[in-house]
């Protein structure tokens with residue numbers, strides 16, 4: 156006997172079994188539950204079915220089952236545990252727009268026809284087979300696993316029938332994301348063209364609908380890294396930190412019915428200082444006699460209700476507002492109805508949070524990032540959002556949440572969404588879980604081998620991006636902000652990363668800040684700072700590091716990337732034949748954990764010096780990168796959660812301003828005592844005269860292969876926790892009062908590295924102390940400098956979380 160699915164059994168029961176005392180509506184609800192959201196939006200009860208209708212449904216079911224049986228993942232690479240559960244009938248069934256939820260909609264994810272042709276070809280006469288939407292054609296879960304070339308078109312076709320009770324409505328066809336340029340045809344007529352890789356778009360397809368069956372066709376082209384459009388880390392030649400290309404549909408496709416007059420945008424804006432929430436709305440086809448009913452709930456209790464003549468901005472006061480923060484992500488629920496006289500034109504559900512993000516000084520005058528007017532250390536992970544079986548598209552909503560739950564459980568409160576835009580549900584979950592988000596713009600340039608497009612750390616000017624490319628880049632950036640500014644978890648916009656295609660930095664940063672003044676702007680994350688934006692963002696691997704506050708007045712100091720410690724795990728590698736790399740690789744969990752603990756402890760003294768945020772690289776391994784806290788298939792968490800929580804707890808404490816013991820030459824003129832010859836015995840301890848040491852201006856220049864010895868005497872008192880900042884390339888040894896406290900190879904670039912020597916506080920003594928530094932095997936012509944200071948906890952309450 157042929158095995159039947161739960162869906163088949165539900166339909167069989169609905170068609171053939173007696174209904175007894177159960178209503179047709181209830182039977183339909185059972186059927187709807189079995190089918191999932193693919194029939195969401197159908198409202199009318201279904202009368203008892205006649206034999207002919209049963210035949211039609213069962214015929215459709217068998218065709219669907221046959222198509223599902225024909226689909227299978229492509230390729231033999233590793234996969235996450237969610238991949239095995241993906242089927243054509245359950246691919247991304249969740250409601251795709253949680254910020255504005257209507258009851259009627261039709262999910263178009265599932266099997267579509269596809270074909271690949273040359274550029275210039277017309278609609279295919281023959282289709283190559285099925286592709287599972289919303290997974291990109293290059294992915295395993297698409298069922299195809301083929302790269303789209305820049306000289307090709309990717310075609311999609313889907314045929315469907317619309318619910319009868321949608322007659323008379325406007326029909327909106329939504330695409331979560333299509334990479335890169337696509338043309339949409341409805342029943343043979345062009346309905347619209349969209350250019351972009353990461354922004355959602357919508358076409359009103361009503362004018363082209365016909366009676367009966369509808370046909371949707373897409374024509375897609377994608378240059379990937381053969382051109383300079385925004386693409387993030389996609390490449391047709393993946394290696395290192397460049398990953399497999401993503402082309403075509405890669406987020407949910409869906410259609411919904413609306414009235415001629417309907418809400419097209421709903422944006423809450425919180426003012427916690429006045430305890431006011433304002434709703435900005437846009438309505439299509441206003442006639443001027445509309446009313447807006449809005450109800451606000453908190454924990455399912457009605458707390459405000461208004462019915463007013465429609466206005467684009469409606470402000471409502473809240474008593475005893477509950478503020479949103481990572482430790483308590485309080486959300487208010489909203490129901491809204493747009494009416495004309497007594498006729499309901501539109502109704503939807505939404506939500507909002509009361510939260511504020513800003514900058515302000517701490518008691519020592521250092522600029523800090525503030526959440527709800529209180530300092531909060533933003534401790535995050537670099538999150539690239541790639542999956543082995545589905546690339547940029549998470550395999551499921553459950554998988555998407557899993558990464559976020561792990562991040563939260565490890566003690567992080569922030570995600571830097573790195574040069575990728577996620578589906579809206581990601582940010583919805585961040586709102587619910589209490590995870591802050593920095594949102595990057597996907598980079599766009601030809602690559603690192605084009606130096607004029609990769610703006611270096613010390614470059615005098617930005618890239619001169621061609622005007623048409625700049626217009627497309629900025630249009631997509633605006634569209635991304637328009638789509639995501641609803642979500643309160645997003646606290647910073649990041650238009651550029653490490654000089655990749657960076658252009659007109661000052662203009663782009665100022666525009667971003669003026670367009671959304673409710674968030675911070677990190678104008679350039681890493682490398683090429685132009686003294687603009689709310690942050691100076693340093694990147695240092697493995698680091699950590701920061702820029703000095705004295706040189707960046709009025710800006711928060713952040714560490715946008717550091718760490719990157721690698722641990723390749725056999726059986727969990729994307730390609731075991733390739734170089735699987737991290738910024739430092741380790742062979743065991745013990746070594747990985749020890750190195751991780753050291754790197755994190757080195758962040759503590761930076762907070763005393765004014766660091767406001769730090770972003771560890773990264774959530775998971777990605778293809779050849781093995782520097783994730785999770786393996787690429789998400790089957791192994793490399794770090795113990797208890798240890799992580801313990802290490803991370805000190806990041807949220809309040810620190811007093813540092814006390815400088817030995818000054819370096821980064822911020823002000825300073826001298827170092829140096830010798831380029833081996834000093835006499837006894838030079839490691841204070842009180843011995845080292846005649847070979849002479850004073851030189853810091854930092855000093857060294858040549859490759861040189862060796863150098865240095866001493867610094869300082870006064871201290873017992874109980875101080877020492878830390879160093881150091882700039883060096885070579886093998887480093889550090890002695891405190893004659894005792895070795897550091898012995899490692901160091902490779903400092905761009906920013907001074909930080910060393911927490913707090914575990915050696917017991918070596919300090921009252922009165923004179925000596926710090927001794929030896930640098931050998933200098934690896935390149937470079938600079939050498941160091942400073943020493945003490946740090947301690949303050950009496951202030953811990954930073955907000």
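Residue numbers (our numbering): 156 to 956. Backbone N, C-alpha and C fix where the C-beta goes; we use that ideal spot for every residue, glycine too. Predicted model, so just to flag it, every value in this text is computed and none were measured.
Quiz item: In angstroms, rounded to a whole number, what distance separates the CA positions of residue 366 and residue 318?
Solution: The residue you call residue 366 lines up with position 211 of the chain shown. The residue you call residue 318 lines up with position 163 of the chain shown. Going by the C-alpha atoms only, they are around 11 angstroms apart.
Practice problem: Verify whether the separation of the beta carbon atoms of residue 327 and residue 411 is less than 8 angstroms. | Solution: Against the chain shown, residue 327 aligns to sequence position 172. Against the chain shown, residue 411 aligns to sequence position 256. The answer is yes: Cβ separation under 8 angstroms.
Self-check item: Per DSSP, the bridge partner or partners of residue 463
Solution: Within the chain shown, the letter at position 308 stands for residue 463. For residue 463, which the question treats as bridged, DSSP gives the partners 447.
Exercise. Give me whichever residues DSSP pairs with residue 285 in a beta bridge.
Key: Residue 285 sits at position 130 when you count from the first residue of the chain shown. Residue 285 pairs with 268.
Exercise. Decide yes or no for the touch test of the segment 429-443 against the segment 808-820: beta carbon pairs closer than 8 angstroms, at least 3 of them.
Key: no
Quiz item: Can you pull the DSSP bridge partners for residue 673?
Solution: Indexing the chain shown from 1 puts residue 673 at position 518. Paired residues: none, contrary to the question.
Self-check item: Contained beta strand (DSSP E) runs [length at least 3] in the segment 492-521, N- to C-terminal order
Solution: 498-507, 512-516
Quiz item: Is DSSP giving residue 840 helix, strand or coil here?
Solution: Within the chain shown, residue 840 is the residue found at index 685, counting from 1. In the structure shown, residue 840 sits in coil (DSSP, three-state: anything other than H, G, I, E or B).
Quiz prompt | Neighbourhood of residue 361 by C-beta, 7 angstroms cutoff - its chain only, sequence neighbours within 5 removed | solution = Sequence index remark: in the chain shown, residue 361 carries index 206 (1-based). Excluding sequence neighbours, residue 361 sits near 325, 326.
Quiz item: Taking the alpha-carbon positions, what's the residue 297 to residue 316 distance?
Solution: Counting from one through the chain shown, the residue named residue 297 turns up at place 142. Counting from one through the chain shown, the residue named residue 316 turns up at place 161. Roughly 23 angstroms separates the two Cα atoms.
Quiz item: Tell me the DSSP bridge mates of residue 690?
Solution: Taking the chain shown and counting its residues from 1, the one referred to as residue 690 is at position 535. In the DSSP output, where bridge partners are listed per residue, residue 690 has 711.
Quiz item: Is it true that the segment 411-430 meets the segment 469-483, where meeting means three or more beta-carbon pairs spaced less than 8 angstroms apart?
Solution: yes
Quiz prompt | Spatially closest choice to residue 353 from 636, 569, 421, 604, by CA coordinates | solution = Along the chain shown, read from residue 1 onward, the residue named residue 353 stands at position 198. Checking every option, the nearest Cα to that of residue 353 belongs to 636.
Quiz item: So which of 561, 485, 683 has the shortest CA-CA distance to residue 538?
Solution: Translated into the one-based positions of the chain shown, residue 538 becomes position 383. Of the listed residues, the one whose Cα sits closest to residue 538 is 561.
Exercise. Determine, using beta carbons only, whether residue 802 comes closer than 8 angstroms to chain C.
Key: Checking the listed chains, one finds no chain C in this structure; it contains a single protein chain.
Quiz item: What is the DSSP secondary structure of residue 347, reduced to helix, strand or coil?
Solution: By 1-based counting over the chain shown, the position of residue 347 is 192. Note: residue 347 maps to strand in three-state DSSP.
Practice problem: In the DSSP assignment, find the beta strand (DSSP E) that holds residue 426 and state where it starts and stops. | Solution: Within the chain shown, residue 426 is the residue found at index 271, counting from 1. Where residue 426 is concerned, the enclosing beta strand (DSSP E) stretches over 417-426.
Quiz item: Taking Cβ positions, are residue 330 and residue 418 nearer each other than 8 angstroms?
Solution: To locate residue 330, count along the chain shown from 1; it is residue 175. To locate residue 418, count along the chain shown from 1; it is residue 263. No, Cβ-Cβ distance for residue 330 and residue 418 is not below 8 angstroms.
Practice problem: Verify whether the separation of the beta carbon atoms of residue 694 and residue 681 is less than 8 angstroms. | Solution: Locating residue 694 in the chain shown gives position 539, counting from the first residue. Locating residue 681 in the chain shown gives position 526, counting from the first residue. Against a cut-off of 8 angstroms, the Cβ pair of residue 681 and residue 694 comes out as a contact.
Quiz item: Going straight from the alpha carbon of residue 779 to that of residue 433, what length do you get?
Solution: Here residue 779 refers to the residue found at position 624 when the chain shown is read from its first residue. Here residue 433 refers to the residue found at position 278 when the chain shown is read from its first residue. Residue 779 and residue 433: Cα-Cα distance of roughly 46 angstroms.
Self-check item: N- and C-terminal bounds of the alpha helix (DSSP H) containing residue 632
Solution: Locating residue 632 in the chain shown gives position 477, counting from the first residue. Run containing residue 632: 622-639, per the alpha helix (DSSP H) assignment.
Quiz item: By a C-beta neighbour count over all protein chains shown, 10 Å radius and 16 as the cutoff for buried, is residue 800 buried or exposed?
Solution: Position 645 of the chain shown, counted from the first residue, corresponds to residue 800. Flag for residue 800 reads exposed.
Exercise. Grab the span of the beta strand (DSSP E) containing residue 646 for me, first residue to last.
Key: The sequence position of residue 646 within the chain shown is 491, counting from 1. Residues 645-649.
Quiz item: In whole angstroms, what separates the C-alpha of residue 690 from that of residue 513?
Solution: As a position in the chain shown, residue 690 is number 535, starting the count at 1. As a position in the chain shown, residue 513 is number 358, starting the count at 1. Those two C-alpha atoms are separated by around 11 angstroms.
Quiz prompt | Cα-Cα separation between residue 626 and residue 746, rounded to whole angstroms | solution = The residue given as residue 626 occupies position 471 in the chain shown. The residue given as residue 746 occupies position 591 in the chain shown. Rounded to whole angstroms, residue 626 to residue 746 spans 48 angstroms at the Cα level.
Exercise. Measure how close the beta-carbons of residue 461 and residue 449 come, nearest whole angstrom, since I'm counting them as under 8 angstroms.
Key: In the chain shown, the residue the question calls residue 461 occupies position 306. In the chain shown, the residue the question calls residue 449 occupies position 294. Contact holds; Cβ gap of about 5 angstroms.
Practice problem: Inspect the beta-carbon positions of residue 841 and residue 870 and report whether they are closer than 8 angstroms. | Solution: Taking the first residue of the chain shown as position 1, residue 841 is located at position 686. Taking the first residue of the chain shown as position 1, residue 870 is located at position 715. Cβ distance not < 8 angstroms, so residue 841 and residue 870 don't count as in contact.
Quiz item: Does the beta-carbon distance from residue 586 to residue 532 come in below 8 angstroms?
Solution: As a position in the chain shown, residue 586 is number 431, starting the count at 1. As a position in the chain shown, residue 532 is number 377, starting the count at 1. For residue 586 and residue 532, no; Cβs fall outside 8 angstroms.
Practice problem: Evaluate residue 374 with the Cβ neighbour count: other Cβ atoms within 10 Å of its Cβ, from every protein chain shown; 16 or more gives buried, anything less gives exposed. | Solution: Position 219 of the chain shown, counting from 1, holds the residue named residue 374. Its Cβ being crowded by 16 or more others within 10 Å, residue 374 is buried.
Practice problem: Give me the Cα-Cα distance between residue 946 and residue 762, rounded to the nearest whole angstrom. | Solution: The count along the chain shown starts at 1 and reaches residue 946 at position 791. The count along the chain shown starts at 1 and reaches residue 762 at position 607. Going by the C-alpha atoms only, they are around 9 angstroms apart.
Quiz item: If you compare alpha carbons, which of 811, 806, 703, 775 is closest to residue 794?
Solution: The residue labelled residue 794 in the question sits at position 639 within the chain shown. When each option's Cα is compared against that of residue 794, the closest is 775.
Exercise. Could you check which residue in 791, 899, 921, 889 has the C-alpha nearest to that of residue 942?
Key: Within the chain shown, numbered from 1, the residue matching residue 942 stands at position 787. Among 791, 899, 921, 889, the Cα nearest to that of residue 942 belongs to 889.
Quiz prompt | C-alpha gap between residue 274 and residue 396, whole angstroms | solution = As a first step, residue 274 is located in the chain shown; it is residue number 119 there, counting from the start. As a first step, residue 396 is located in the chain shown; it is residue number 241 there, counting from the start. Approximately 29 angstroms between the Cα atoms of the pair.
Quiz item: Using the C-alpha atoms, what's the distance from residue 307 back to residue 272?
Solution: Position 117 of the chain shown, counted from the start, is the residue given in the question as residue 272. Position 152 of the chain shown, counted from the start, is the residue given in the question as residue 307. Taking the straight line joining both Cα atoms gives about 6 angstroms.
Self-check item: Cα-Cα separation, residue 511 to residue 755
Solution: Position 356 of the chain shown, counted from the start, is the residue given in the question as residue 511. Position 600 of the chain shown, counted from the start, is the residue given in the question as residue 755. Using only the alpha carbons, I get a separation of about 28 angstroms.
Quiz item: When the Cβ atoms of the segment 820-832 are set against those of the segment 694-707, are three or more pairs found closer than 8 angstroms?
Solution: yes
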